[in-house]
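The structure is reproduced here in structure tokens:
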């Protein structure tokens, strides 16, 4: 009986197609399929592989390799692929580029590092947050404008009603409906939500400030703009004493081989990411590069698009509501040297100046300076008093060890040499290749170190520390 049941079950399996091993699931490519793909690749990876293979199988020209295989969009697509497929596609693209001696970016198709992903997410988050804040502010401005218009209509209606009542009491005829419905224009023009919005677009001031300015100027747009400008100057002077320790470092390189770096401060990191603030920082750096000035006070008198940098700063203070200051300015290069710069996350900026070499070499060394923060460029830059003080400390330490005088002298010489190696840029191991020192990197490129400048946002500024408990107590006391 058991044998008969087993045979019947085997016959059932042999005639059933629903569970046959040759029937792959719909939408999934099985092992051994004609296109050679495996189940570990998703639909997007299959499409990407098919796209690359189609281009490669068509024996592409050099132009197609450069425009399609080596495009930024192809690189981004490969970055998101399965890691095994990513390696295979990078190899295919690299082989095609090698046929025509086309250079391939070392970062092509390679997945972003954790730091790069965090940086992109931070930028996207800041942009999203700024968009939300702008939308909320626009909605609030529109609501306030509508409320103001509603109050004006109510006031006009009450005035017409009072006028009609007075006319009835005196026996005089009531004003015509058309006359009563028409609001009396202001001396310089009618104040409406549209005129308020136009002034706001022109000056960037708040809606209520624009309405007040139009009221003070009798509806005259130019007079209202001048009123807001004077108010902005007063606000800028009032906010000038507030601590501004956030901000941005901006670098500008000119065609004359010179480069400048400026530090522009604001009060909060939120404003430090604002597009208007960042545009002003770039404007300041560009003006410094074009004018060649090395003094901040002189720089603020420079004009860009018909307006001085100081006037633009004051208008920005009025618009944003924070103290904004151009704090420091560094300049490198005299036209005969090579200069390059690097800014890390907008907060650390470095300019490097060398003889010979290339701008890219300067940028690479600037990245090292930003990361390692060496106090000096070369041993010649170390002040003699610093060496004397270090030598005195090391000598005292060596004498305490009880060594003979001759040994003490050699110990001090060796430790001074080690001190210089640690503190001088050219003696440090290059951060991107620890097998080389910075000096060896310079020698390899027939270059000589001249110097560098390094700025950090808020460096040396004592930031205000809020005492939450004291603030609450002050509010409770009514202060």
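Numbering (mature numbering (1 follows the signal peptide of the UniProt record, and there is no 0)), first residue to last: -18 to -1, 1 to 461.
Where a beta carbon is used, it is the ideal one built from N, C-alpha and C, also for glycine.
Values in this document were obtained by computation on a predicted structure and should not be read as measured data.
- DSSP places residue 68 in the uninterrupted alpha helix (DSSP H) bounded by 65 to 81.
- One Cα belongs to residue 193, the other to residue 179, and the distance between them is close to 9 Å.
- Bounds of the beta strand (DSSP E) holding residue 313 are 307 to 314.
- Of the residues assessed, residue 435 falls on the buried side of the cut-off, its CB having 16 or more other CB atoms within 10 angstroms.
- Judged by DSSP in its simplified three-state form, residue 412 adopts coil rather than helix or strand.
- Residue 241 is bridged by DSSP to 235, 314.
- Spatial neighbours of residue 131 in its own chain (CB-CB distance under 8 Å, excluding positions within 5 residues in sequence) are listed in chain order as 174, 175.
- For residue 270, same chain residues with a beta-carbon under 7 Å away, outside a window of 5 residues either side, are 234, 242, 244, 281, 311 in chain order.
- Excluding the 5 residues flanking it on each side, residue 284 has same chain C-beta neighbours closer than 6 Å at 269, 273, 291, in chain order.
- Boundaries of the beta strand (DSSP E) around residue 320: 320 to 326.
- Straight across, the Cα-Cα distance linking residue 110 with residue 63 is about 27 Å.
- Residue 443 sits in coil when the DSSP states are folded into three classes, being neither helix nor strand.
- Residue pairing for residue 333: DSSP places it in a beta bridge opposite 323, 435.
- Contact between residue 302 and residue 256 is confirmed by a C-beta separation of about 7 Å, below the 8 Å threshold.
- Secondary structure note for residue 31: its alpha helix (DSSP H) is the uninterrupted segment 25 to 39.
- Inter-segment contact for the segment 408 to 425 and the segment 314 to 322 is absent: fewer than three beta-carbon pairs are separated by less than 8 Å.
- Residue 226 and residue 327 have their C-alpha atoms spaced approximately 18 Å apart.
- About 12 Å separates the beta carbons of residue 84 and residue 50, which is beyond the 8 Å limit, so they are not a contact pair.
- Counting other Cβ atoms within 10 Å of its Cβ, residue 259 reaches 16 or more and is therefore classed as buried.
- Burial check for residue 276: the Cβ neighbour count within 10 Å stays below 16, so the residue is exposed.
- DSSP links residue 383 through a beta bridge to no other residue.
- Counting along the chain, no alpha helix (DSSP H) covers residue 406, and no H or E run does either.
- Just measuring C-alpha positions, the residue of 79, 80, 90, 46 sitting nearest residue 59 is 90.
- Put simply, of 432, 386, 390, 392 the residue whose alpha carbon is nearest the alpha carbon of residue 406 is 432.
- The beta-carbon separation of residue 329 and residue 439, rounded to 4 Å, stays under the 8 Å limit for a contact.
- Annotation: the continuous alpha helix (DSSP H) that includes residue 292 extends over 291 to 302.
- DSSP places residue 281 inside the alpha helix (DSSP H), whose first and last residues are 278 to 281.
- If you draw a 10 Å sphere on the C-beta of residue 232, you find 16 or more other C-beta atoms in it, and that means buried.
- Residue 192 is not bridged by DSSP to any residue.
- Distance from the CA of residue 390 to the CA of residue 101, rounded to the nearest whole angstrom, comes to 50 Å.
- Residue environment: residue 209 is assigned as buried (16 or more neighbouring CB atoms within 10 Å of its CB, all protein chains considered).
- With respect to the 8 Å criterion, residue 240 and residue 321 are classified as neighbours on the basis of their beta carbons.
- Look at residue 246 here: in three-state DSSP terms it is strand.
- Cα atoms of residue 97 and residue 136: separation of roughly 58 Å, rounded to the nearest angstrom.
- When secondary structure is reduced to three states using DSSP, residue 390 falls in the helix class.
- Bridge partners of residue 419 according to DSSP: 411.
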